[in-house]
Amino acid sequence: MIRIAHLAFTFLLVALTLHSWARAANSQGTKPQRIVVVVPAVTEMLFAIGAGPQVVGVSSFARYPELVESLPRVGALLDPDIETILSLEPDLAVLYSSQTDAIEQMYRAGINVLPYSHGGIRDVIAMLRELGRLTGQVDKAHTVISSIESMLTAVAVRVSSRPKPRVLLVIGREPDTIRNVYASGGIGFLHEMIVAAGGENVFAHINREAVQPTSEGILRTAPDVILEVRAEGMLSPDEVSEQNNVWQRLSGIPAVRRRQVYFLTGNELIVPGPRLAQATERLARVLHPTAFE
355 MIRIAHLAFT
365 FLLVALTLHS
375 WARAANSQGT
385 KPQRIVVVVP
395 AVTEMLFAIG
405 AGPQVVGVSS
415 FARYPELVES
425 LPRVGALLDP
435 DIETILSLEP
445 DLAVLYSSQT
455 DAIEQMYRAG
465 INVLPYSHGG
475 IRDVIAMLRE
485 LGRLTGQVDK
495 AHTVISSIES
505 MLTAVAVRVS
515 SRPKPRVLLV
525 IGREPDTIRN
535 VYASGGIGFL
545 HEMIVAAGGE
555 NVFAHINREA
565 VQPTSEGILR
575 TAPDVILEVR
585 AEGMLSPDEV
595 SEQNNVWQRL
605 SGIPAVRRRQ
615 VYFLTGNELI
625 VPGPRLAQAT
635 ERLARVLHPT
645 AFE
C-alpha cells in the first residue's frame, strides 16, 4: 500500500510539474530544446510535426524516419537506459506511463516527463496535438492531423457500402507454426484500424488490446480474412512468402479455404504514429481491393 501511494504521489508531482512547465512555455514562448523519447510512435510524431531537431535520444527500436539512425539509443520499454538518458541532459523525456521507476528518476533529476500510454486513433490525434503545443509546432501538428483525418475519411467513404468481412488480425506467433498466437483484441489502435478499414474484428468482444487464442478458439471465430502484420526486417523475403502456408493446418477456417490469408510487413502497421492512416488504407486495400480500383 505504501508503494502504491508513493507511485500515485509521484505521478501527481510529474503531472503538476509538466502542467506548470507547459503553461510557462505557452506564456513565455519557451519550448523543450533537448527531447529524449523512449516511444517509437512519439519519435515519428515529433519528426512529422517538424520537431525532429529537438530530439537527442531515441528508443532502441526506433527506425523511422531515417534520421533517427544517427541518434543515441536510450533503451526501450523494458530496459530504459537511465544513465544514457541523463547524460544527454534532456529538458523533456517521453516515457511509457508504466515505466514508473524511470519516471521517478527523471523527476528527481529535475527533468520534465510526458507519460505515454497506448490507445486508439483518437489518442494518436491527441498526442500529436499536445506535442505540437509543447514544441511550438502547433500549425504543423494541425496539418499532420488534418492529413490523417482526411485519409481516414477517404478510406471510410470507399468501404462504407461494402460487406464487412470477419477479420483475424495476428500480431505474433511462433515461427512456422500456429502456436502462441497473439491477435488484436477489441480495444486499441489495431482494432480501430480493422474497423476503419471496413472489417469486423473477430475478437471485438474481448476488452483487451491483445488476446492469445487457442487453435480451437480461432476455428470457432471462423474469420473470413486472416491478416498478419509484422515489423520490417523480422523475416527474410523467403520466410515471408512461406507464412501463408502455415495456416493450411487449420483448413476448416473460411479464410484458409478461400485463400484469404495475407502477411503484411511494415513498421507503420504496428506503430501508432503519424503513418496510421496509410497503414489503415493498406489494410482496406486487402479487405476491399475493388474499392480502390
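In my numbering, the protein residues as written are 355 to 647. Beta carbons are placed, not taken as given, at the ideal position from N, Cα and C, and that holds for glycine. Because the structure is a prediction, the values reported are computed rather than measured.
Residue j and residue i - do their beta-carbons sit closer together than 9 Å?
i, j, result
"Phe557", "Leu522", "yes"
"Leu506", "Leu488", "no"
"Glu586", "Arg388", "no"
"Val428", "Leu442", "yes"
"Pro444", "Ile465", "yes"
So who's on the other strand from residue i, going by DSSP bridges?
i, result
"Thr619", "Arg584"
"Ile389", "Val409 and Leu446"
"Tyr470", "Tyr450"
"Tyr536", "Gly526"
"Ala564", "Ser538"
"Arg611", "None; Arg611 has no bridge partner."
Alpha carbons only, please: which of the options is nearest the one belonging to residue i?
i, options, result
"Tyr461", "Gly606, Leu440 and Phe401", "Leu440"
"Lys385", "Thr575, Gly464 and Leu485", "Leu485"
"Arg584", "Arg417, Gln459, Leu544 and Thr619", "Thr619"
"Gly553", "Val640, Leu431, Gly411 and Arg612", "Val640"
"Thr634", "Val509, Tyr536 and Gly540", "Val509"
"Ala576", "Asp592, Asn555, Val391 and Ala495", "Asn555"
"Gly473", "Glu563, His559 and Glu647", "Glu563"
"Met547", "Leu623, His559 and Ala609", "Leu623"
"Ser501", "Ile479, Lys518, Arg516 and Val428", "Ile479"
"Gly571", "Asn534, Leu589 and Glu596", "Asn534"
"Glu528", "Ala495, Trp601, Val615 and Thr454", "Trp601"
"Ile541", "Ile580, Ala631 and Ile475", "Ile475"
"Glu503", "Pro519, Gln491, Leu482 and Val390", "Leu482"
"Met588", "Glu647, Asn621 and Thr531", "Asn621"
"Glu596", "Val615, Gly627, Val625 and Arg636", "Val615"
Among the residues of its own chain, which have a CB less than 8 Å from the CB of residue i, if the five just before and after it don't count?
i, result
"Pro419", "Glu398, Phe401 and Gly406"
"Ala463", "Leu440"
Counting contacts by CB-CB distance shorter than 9 Å, is residue i in contact with chain D?
i, result
"Ser590", "Of the chains in the structure shown, none is chain D; there is only one protein chain."
In its own chain, which residues sit with a C-beta less than 6 Å from the C-beta of residue i, not counting the 5 before and 5 after it?
i, result
"Ser413", "Val392, Pro394 and Ala430"
"His642", "Val513, Arg516 and Gly552"
"Val580", "A quick correction: the sequence has Ile, not Val, at residue 580. Answer for Ile580: Leu522, Ala609 and Val615, listed in chain order."
"Arg629", "Glu622"
By Cβ distance, which residues of its chain are closer than 7 Å to residue i, with the 5 residues on each side in sequence left out?
i, result
"Ala378", "Low local confidence applies: a pLDDT of 40 at Ala378 is under 50, so the model's placement there is unreliable, with the coordinate-based value given in what follows. So the list reads Thr384, once near-sequence residues are dropped."
"Val350", "The displayed coordinates of the chain run from 355 to 647. Any statement about residue 350 would go beyond what the structure contains."
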